[in-house]
Amino acid sequence: MGGSKKQTIGYKYYFALHMGLGRGPINEIAEIRVGDVPAYTTPINLKNSGQLIAINKPDLFGGEKKEGGIQGPCYVYNGSKSQNLQPALSTSLGTLPSIASQLGGDVPSFRGVVTLWFDGLVAAMNPYPKEWSFRVRRWDAGWWNDDPWYPAKAYIHVSTETLPPVNLSEEFPVLEQGVDPTYPNPPSLYPKSITLGPYPQEAQIVAGDPNGNGFCRPDDYFFFNGVKYGASEAAGKIRPAGTVLYTLPAGGTVTVQVQNTINPFSGITGSLHVRFQDNSIVAMNPAHMLYEINTNPEWGRGMPPELIDEDSYRACADQLFDEKLGLCIPWFRQENIKDFIPVIINHIGAVQYVDRETGKLTLRLIRGDYNLEDLPLFTPDTGLLDVLDDDSSSEETAYNEIIVVGFSPQNKEDIQVRVQNLAAIQSQGEIISNTITYKGLATRSLCARVALRELKVQLPLRKMNVILDRRGWRIAPGMPFRISHPGKGISNLVLRAGECRDGTLTDGKITVKSVQDIFGMPDTAFVEPPKSEWIPPSFTAIPSPESALYEMNWRDFYLRSTTADQDAVDAGTSYAAIIAKDPPNVLTQGYDVLTKAEGGTYETYGTVGFTNWLTLLEDIAPLDTELEVADANLEAFTTEFTAGMVVLIDDEQLEFTAFDEITRLATVKRGVADTIPAAHTADTTIWLIDDELGGDGQEYEDGETVYAKALTRTTTDVLDESAATELSLEVDQRLFRPYPPGNVQVDGETIYGLTGEYGEPALTWAHRNRLTQGDVPVGHTEGSVVSEAGVTYNVRVYAKDGETLLRETDVGAVDTWTYDSAMQAEDGDPTSVWIELESMRDGIASFTHYRFNIVLKGGWGYGWGLNWGGAG
């Protein structure tokens, strides 16, 4: 159980990294990932200046035991035209040296480029750094001359998946001193337990109401998962609206309590609510993309704004904003900007052309947002000269299934939506599928809407070349119009203009390639897959919802030690261990054990697994040998359980001799090892201590106070020490103490069921032996084993008040003792007494002892009433 000399098993690796992201400035970096694991998730605002941040994820890849993590200061340069390199900067994670001092020589200011300058831990054990990636956002930053066009509609929230806030006014009512009913008097916690979560996204517990009004003042402190909030501050401190009291990671839970220590009224003054992280996807308005591409003289087409029909672009920007059709799409310098323009146009279903009337570049969305009667109508009397190639598209070769592939910037993965024309499939007798990639579509909803738009194109529509005279000069690409031609059986047919070709000056004909109009961007897609109700596991370390510091007995120690360790145990020897529940909905890898003796400092003693557990469904009496458990954690428990394992309920150890996971009934032996039977109430935790105990392997002296913390560990995170619940225990040389006797009876009746009068009560018991029993659980009602050498039994007799000691005697190494009439006469002839029985060895008593009441004499009602209920 002792320590060993530390050995070097690997190294940590520290790098200075200067990384370029792209043109700058940008609006923000939404997320930094390393090795495809989130390393920094707080948005970094870069529109006006660079930002200094600290990445503190030393356990991102498993910590020192695996591949380390990322930890160090970082400065993000936004690439503005006036940007200068920063000098050395001091942070909570150390000093970030200047780029110039590290590179040496003449170093540019890197204007026009977004770069990151990082210095710190990048890996451990493995000398190969992992790939960094960045989720960036730009909509109105970095425009020419810092003058963005129409900034009010430059960005679009294409996904509003953020949950509405939760008001906690019912859970935490406003209680006023002297007015409201009295809650449990100090010191107490009210409410006893309110658990929030799990939620599918990050949540914050915030002061004030959901509208940002008011404040809150706890009486006297908030507790979150047992950790006091603002412990170093004055009790009852006022928290203004918007103050974040606690952050709950996605999938996690938190138990919230309010402490009452000053007056008998508990609760909060003011308001409290839960708000959720903005999980929406921010995209750029495609109309703004096209406007900037056309006008930017540095990397775009450089057209003067005077040659742009701003009204048309603004109208399209408004409509795209209303449709929530924003795009998340990069442009790379290797790609010709002229080739990028059609990509945007195809995403949104639009046309861009030079208008005949104004001579300006115009943008038009192909939508069905028109009034039929307002469309121009061409007939043989009003400019329609002829209709050529009057045919329909072939249904036999049309696609009846469209698959649209988008890309989720949050998950860094393709998203795919499939839509079908079931009638066409039935008609054609097979599925004819076409896959279209639109990487700028960031949500399934957008992919579904665009897929329906593309499916409409596959309908067997009439296509024709419409010949107009000069009265059709206003027809432009994408424009809807009507034709009627009685001679060809066409009446009020709506067409959508495609290519428009002018004839010669002498013939005056205009030829418009047209198609029957059914176009438009659906407002809603009924094919959108339903949102999953599954809450993904979180990788953010949160405190254990329930834990305790436990002193090991001889059986616990025996199971986890060698013979040499056991032989070294002497008076005063004590060992402590943690029992802790696994946090729900967090993918953990156990927890780090931190302990210290009083006056010392915390040290880490390895990583252990969480203790498996169940919950008691109903109350049980001390000698009940069958108990029922709740459903909670049942599956996890049964995977670890085997018959004969020992569990802990409150302070009693019980052996599960059998367990039926269908009926949830367990057959048990009571009071094994150094414990005695006791009553237990429903909802009490049943700890499978034979599964996991978080020991530190350190020997403590009798009476020493031990402090411990369980730091939850995941593959990418370790709970901060300050967030862990501090546990404490004064050790009492438990494993060195003799076991208490078993099967204690009075005149042949168990002490847990005494109901009559006992004139000269004869006590009997069974011997126990910690050394020979070893890891074998011996139940309370089982017979004697060979007694441990040197063990005797001590009896104390108290008066009826339970406090006045009448006699105490060491009765020797026997298994019976009688409180006879002579003793009673010496003790003042009591009518009832309280008796305590314990084992002794080398002047040290057993860790637990029995205490029970015996009625010696009195009337029937007197004796019955005193003894009803059995042992105390």
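For what it's worth, the working numbering labels the leading residue of the sequence shown as 9, then goes sequentially.
We put the beta carbon where it would ideally sit given N, CA and C, even for glycine.
From the beta carbon of residue i, is the nearest beta carbon of chain B less than 8 Å away?
i      : result
Gly414 : Protein chains in the displayed structure number just one, and chain B is not present.
Determine the burial state of residue i: buried for a count of at least 16 other Cβ atoms within 10 Å of its Cβ, exposed for fewer.
i      : result
Thr693 : buried
Phe855 : buried
Leu315 : exposed
Pro494 : exposed
Asn379 : exposed
Ile587 : buried
Ile61  : buried
Thr824 : exposed
Glu751 : Glu is not the amino acid found at residue 751; the sequence shown has Asn there. Buried, because 16 or more other Cβ atoms sit within 10 Å of the Cβ of Asn751.
Ser279 : buried
Thr445 : exposed
Leu503 : buried
Phe23  : exposed
Tyr806 : buried
Asp837 : exposed
Glu438 : exposed
Asn344 : exposed
Gln79  : buried
Gly310 : exposed
Leu373 : buried
Ala505 : buried
Ser552 : buried
Pro748 : buried
Met27  : exposed
What did DSSP end up calling residue i once you bin it into helix, strand or coil?
i      : result
Tyr136 : coil
Gly786 : The sequence shown places Val at residue 786, not Gly. DSSP places Val786 in coil when its eight states are reduced to three.
His296 : helix
Ala533 : Unreliable positioning characterises Ala533 in this predicted model, as indicated by a pLDDT of 45, which lies under 50. A coordinate reading is not provided.
Gly238 : coil
Met27  : strand
Tyr806 : strand
Ile301 : helix
Ile475 : strand
Lys677 : strand
Ser499 : strand
Glu152 : The question names Glu, but residue 152 is Trp in the sequence shown. Helix.
Val520 : strand
Arg490 : strand
Pro226 : strand
Glu765 : strand
Gln781 : helix
Glu626 : coil
With DSSP as the reference, identify every bridge partner of residue i, one or two as the case may be.
i      : result
Ile40  : Tyr48, Phe142
Ala5   : A question about residue 5 goes unanswered here, because the residues of the chain that appear run from 9 up to 880.
Arg742 : Looking at the DSSP assignment, Arg742 forms no beta bridge with any residue, so it has no partner.
Asn751 : DSSP lists no partner for Asn751.
Trp695 : Trp621, Leu656
Thr123 : Gly28, Tyr85
Ala211 : Leu256, Phe284
Pro248 : Phe223
Arg672 : BP columns for Arg672 are empty, so no partner.
*Output the residue ranges of the alpha helix (DSSP H) runs that lie fully inside the region 327-367 and measure 4 residues or longer, sorted by chain position.*
345-356
*Indicate whether the contact test is met: 3 or more Cβ pairs, each with one atom in the region 378-398 and one in the region 110-124, closer than 8 Å.*
no
*How do the region 719-729 and the region 598-607 stand: do at least 3 beta-carbon pairs fall below 8 Å, yes or no?*
yes
*Complete beta strand (DSSP E) runs within the region 41-117 (minimum length 3 residues, chain order)*: The region 41-117 contains these whole beta strand (DSSP E) runs: 45-48, 59-65, 78-85, 97-99, 102-104.
*Return the chain-ordered ranges of every beta strand (DSSP E) run that is complete within the region 370-436 and spans a minimum of 3 residues.*
392-400, 409-416, 421-428
*Would you call the region 466-476 and the region 511-530 in contact, with 3 or more CB pairs under 8 Å?*
yes
*Mind the definition here: the region 50-61 touches the region 351-365 only if three or more C-beta pairs lie below 8 Å; say whether that holds.*
No, the region 50-61 does not touch the region 351-365.
*When the Cβ atoms of the region 787-804 are set against those of the region 840-848, are three or more pairs found closer than 8 Å?*
yes
_Touch test, the region 448-456 against the region 156-169, Cβ-Cβ under 8 Å, three pairs minimum_ = yes
*Should the region 558-569 be regarded as contacting the region 201-221, the criterion being three or more beta carbon pairs within less than 8 Å?*
no
*Every unbroken beta strand (DSSP E) inside the region 554-616 [3 residues or more]*: Counting whole runs of 3 or more residues, the region 554-616 contains the beta strand (DSSP E) stretches 555-559, 584-588, 596-605, 611-616.
*Whole beta strand (DSSP E) elements within the region 787-863, 3-residue minimum*: 800-806, 813-820, 824-826, 840-849, 858-863
*Does the region 694-703 touch the region 635-652, meaning 3 or more C-beta pairs lie closer than 8 Å?*
The region 635-652, when compared against the region 694-703, does touch it at the 8 Å Cβ threshold.
*Are the region 34-44 and the region 129-145 touching, with three or more C-beta to C-beta distances below 8 Å?*
yes
_Does the structure place the region 611-620 close enough to the region 696-715 that three or more beta carbon pairs sit under 8 Å?_
yes
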